[in-house]
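All residue numbers for the sequence shown refer to this note's numbering, where the first residue is 1113 and numbers rise by one.
Where a beta carbon is used, it is the ideal one built from N, C-alpha and C, also for glycine.
Everything numeric in this text was worked out from a predicted model, so none of it was measured.
I have placed the structure first, in the form of structure tokens, so that the comments after it can refer back to it.
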Amino acid sequence: MTKKGKYSPGANVYIGYFLITVALPGAIINSFQIAKTPELLDMMKQTAIYSVIMIVATLLIGYLLATIFKKKDMIKRLWIVCLTFSNILFIGIPIVGKLYGEVGLVVLVVCNTMTSLFLFTIGIMLLSKSREMRIRTILTTPAILAAIVGFALFMFEIELPVPIVAFNSSLTIMTASLSMIINGSLFAQVKFKELIMDKDNLQFLFVRAIIIPLIFVPILKLFVVNPIVLGVLVLLASMPVGSLNAILAEEYAQKGTKVSQYIALTTVTSMFTLPVIMSLI
1113 MTKKGKYSPG ANVYIGYFLI TVALPGAIIN SFQIAKTPEL LDMMKQTAIY
1163 SVIMIVATLL IGYLLATIFK KKDMIKRLWI VCLTFSNILF IGIPIVGKLY
1213 GEVGLVVLVV CNTMTSLFLF TIGIMLLSKS REMRIRTILT TPAILAAIVG
1263 FALFMFEIEL PVPIVAFNSS LTIMTASLSM IINGSLFAQV KFKELIMDKD
1313 NLQFLFVRAI IIPLIFVPIL KLFVVNPIVL GVLVLLASMP VGSLNAILAE
1363 EYAQKGTKVS QYIALTTVTS MFTLPVIMSL I
């Protein structure tokens, strides 16, 4: 539709807003509508700890790899941010839901919450070259607010009315299709030949899609016993670049177009790399 001029890329702004502020929060809150058990609480605790360790490790590995590939200034910062913060939620919800069910979605949300906390602090600091912590931005992020509400409902074992649960279930189903509509529109605007002829893009793709997963998968298999936690963490290491990175890169560094190229390449190739990487566990 984009190629035929029947879909305006400007529509992505409104679809993206609906996705981030309505559909995703609804899906997150619904994922916590599950029975509280000691086993699940332990899984959530494990996920939070391992996620933080992974994020910090990836920031350091990203810095090292960007240095090895001789990236300078803002491109180096973009590498570090985009290697660290993946599209764990948008694409992750339908994948984890199918593979691991409701329990997997709770683990995924915990993982995403930890990632968001780092993205809206360290990520913004890297992109803006500032040391200012934007606590207000974190606390007003819809996904984080939804995680807080959902976790409170979960801990106090409060069940939402059936109509609300049904509505949120519909929103959960919508997240995958809405994110794919946005990604499809972005792909249609990219001149693929120019995209793959860029040396920096190919170097980044090699590191994000192959090197990072190959570093983390054997280490995670060594330490993480629970198969659901392991699967979600492997997805965290293997997912394409997160869409929010482009928005933040444009806002704080005017580099949204460059990050969109990273997103396009890693998302297209993830259709082939994700099944291979997941088969390793």
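Worksheet item: What number of angstroms, rounded off, separates the C-alpha of residue 1380 from the C-alpha of residue 1191?
Response: 18 Å
Discussion item. What does the Cβ neighbour count give for residue 1251, buried or exposed, with the cut at 16 atoms within 10 Å?
Written reply: exposed
Worksheet item: Cα-Cα, which of 1348, 1318, 1365 is closest to residue 1203?
Response: 1348
Discussion item. Excluding the 5 residues flanking residue 1317 on each side, which residues of the same chain have their C-beta closer than 7 Å to its C-beta?
Written reply: 1377, 1378, 1381
Discussion item. So, under 8 Å CB-CB, residue 1195 and residue 1324 are touching, yes? Tell me the CB distance rounded to an integer number of Å.
Written reply: 6 Å
Item to complete: Output yes or no for whether 8 Å exceeds the beta carbon distance between residue 1262 and residue 1389.
Response: no
Fill in: Residue interval of the alpha helix (DSSP H) (run including residue 1121)
Counting along the chain, residue 1121 falls outside any alpha helix (DSSP H), and DSSP gives it neither H nor E.
Worksheet item: With 16 as the cutoff for other CB atoms within 10 Å, does residue 1304 come out buried or exposed?
Response: exposed
Fill in: Sheet register partners of residue 1198 (DSSP bridge)
1353
Item to complete: Pull up the CB-CB distance for residue 1219 and residue 1340, whole angstroms please, since I reckon it's below 8 Å.
Response: 6 Å
Discussion item. Could you tell me which whole alpha helix (DSSP H) segments of length 4 or greater appear in the segment 1213-1275?
Written reply: 1236-1240, 1247-1251, 1254-1267
Worksheet item: By the 10 Å Cβ neighbour count, where 16 or more other Cβ atoms means buried, how is residue 1162 classified, buried or exposed?
Response: buried
Worksheet item: How far does the alpha helix (DSSP H) with residue 1081 in it reach, from first residue to last?
Response: For residue 1081 there is no data in the structure shown, the boundaries of the chain being 1113 and 1393.
Worksheet item: At a cut-off of 7 Å, is residue 1165 close to the ligand FAD when judged by its beta-carbon and the heavy atoms of the ligand?
Response: As presented, the structure is devoid of all ligands, the ligand FAD included, so that no description of it is given.
Worksheet item: With distances taken between CB atoms, is the gap from residue 1385 to residue 1355 smaller than 8 Å?
Response: no
Worksheet item: Can you give the beta carbon distance from residue 1280 to residue 1139, rounded, assuming they're within the 8 Å contact cut?
Response: 7 Å
Discussion item. With H, G and I counted as helix, E and B as strand and the rest as coil, what does DSSP make of residue 1284?
Written reply: helix
Fill in: 8 Å Cβ cutoff met for residue 1153 and residue 1201
no
Fill in: residue 1113: first and last residue of the uninterrupted alpha helix (DSSP H) it sits in
Segment: none, residue 1113 is in no alpha helix (DSSP H) and carries neither H nor E.
Worksheet item: By Cβ distance below 7 Å, which residues in the same chain neighbour residue 1229 in space, the five residues on each side in sequence not counted?
Response: 1250
Item to complete: Enumerate in chain order the residues of its own chain whose CB-to-CB distance from residue 1286 is below 7 Å, with the five nearest sequence positions on each side excluded.
Response: 1135
Practice prompt. Would you please state the rounded distance, in angstroms, between the beta carbons of residue 1177 and residue 1346? I believe it to be under 8 Å.
Written response: The Cβ separation is near 19 Å, so there is no contact.
Worksheet item: Does the segment 1257-1272 come close enough to the segment 1231-1244 to have 3 or more Cβ pairs within less than 8 Å?
Response: no
Practice prompt. Please report the Cβ distance between residue 1124 and residue 1297, rounded to the nearest whole angstrom; I am assuming they are in contact, meaning their Cβ atoms lie under 8 Å.
Written response: 6 Å
Practice prompt. Report the option in 1372, 1391, 1337, 1343 whose CA atom is closest to the CA atom of residue 1209.
Written response: 1343
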